[in-house]
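Undergrad: Sharing a structure below in structure tokens format, with a few things to ask.
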């Protein structure tokens, strides 16, 4: 076996553990990016509404844009609120080891199971965050369109 292959050799458990770590990092990055994108889109919509409100006396479209902006900011709060990316509860597993008298091998298995459960439960959270983000982006787009229309009329 070459030195490269010897260094790369790992057990299936080690590979699975590394895969779970990468999946958790990817899930956290996706949710953080969604929150950033939601905030950025709402900020742009807010700038357009502020510009529309400063030009002339506020009229129907101006007020509609302002109310839509309020709903858009509620959408940002929604994206932030559904961010419930889970991490494995290692303290709980360690506490259970004491109560149940697990061996080191059993403990390692339970820690890996906790990691995998967190990854699998986060898949649903990431889908929910994406869905709420899509609604928020549509709200921000609608707000921007109404504000821009108000500026052009």
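Residue numbers (UniProt numbering): 1 to 153.
Even glycine gets a Cβ: it sits at the ideal position worked out from N, Cα and C.
A quick note: this is a predicted structure, and the numbers were derived from the prediction, not measured.
Go through its chain and collect everything with a Cβ distance to residue 124's Cβ below 8 Å, but skip five positions before and after it.
TA: Closer than 8 Å at Cβ, skipping near neighbours: no residue.
Undergrad: Spatial neighbours of residue 41 within its chain, please: C-beta separation below 6 Å, excluding the five flanking residues on both sides.
TA: 137 and 140, listed in sequence order.
Undergrad: Along the alpha helix (DSSP H) that carries residue 15, what are the first and last residues, could you check?
TA: 12–54 is the extent of the alpha helix (DSSP H) around residue 15.
Undergrad: Is it the case that the Cβ atoms of residue 151 and residue 51 are separated by a distance below 8 Å?
TA: Yes, they are a contact pair.
Undergrad: DSSP three-state label for residue 121, please.
TA: It is helical.
Undergrad: For residue 95, does the count of other Cβ atoms within 10 angstroms reach 16, so buried, or fall short, so exposed?
TA: Exposed.
Undergrad: Pairs of beta-carbons, one from the region 126–136 and one from the region 70–87, closer than 8 Å: are there three or more?
TA: The region 126–136 vs the region 70–87: in contact.
Undergrad: By DSSP, does residue 114 sit in helix, in strand, or in coil?
TA: If DSSP states are grouped into helix, strand and coil, residue 114 belongs with the helices.
Undergrad: Checking 8 Å against the spacing of the C-beta atoms, do residue 86 and residue 131 come in under that value?
TA: No, the pair does not count as a contact, with Cβ atoms beyond the cut-off.
Undergrad: Run through the region 62–142 for me and flag every whole alpha helix (DSSP H) of 4 or more residues, listed as ranges in chain order.
TA: The qualifying runs are 90–100.
Undergrad: With a cut-off of 8 Å on the beta carbons, I'd call residue 69 and residue 46 a contact; round off their distance for me.
TA: At roughly 6 Å, the Cβ-Cβ gap stays under 8 Å, so residue 69 and residue 46 are in contact.
Undergrad: Quick check on DSSP: helix, strand or coil for residue 165?
TA: Because residue 165 is not part of the residues shown, which for the chain are 1 to 153, the question remains open.
Undergrad: Does the separation of the CB atoms of residue 113 and residue 30 fall below 8 Å?
TA: Result no, Cβ atoms of residue 113 and residue 30 do not sit closer than 8 Å.
Undergrad: So residue 115 and residue 74 are supposed to be a Cβ contact under 8 Å. How far apart are they, rounded?
TA: Residue 115 to residue 74, Cβ: 35 Å. No contact.
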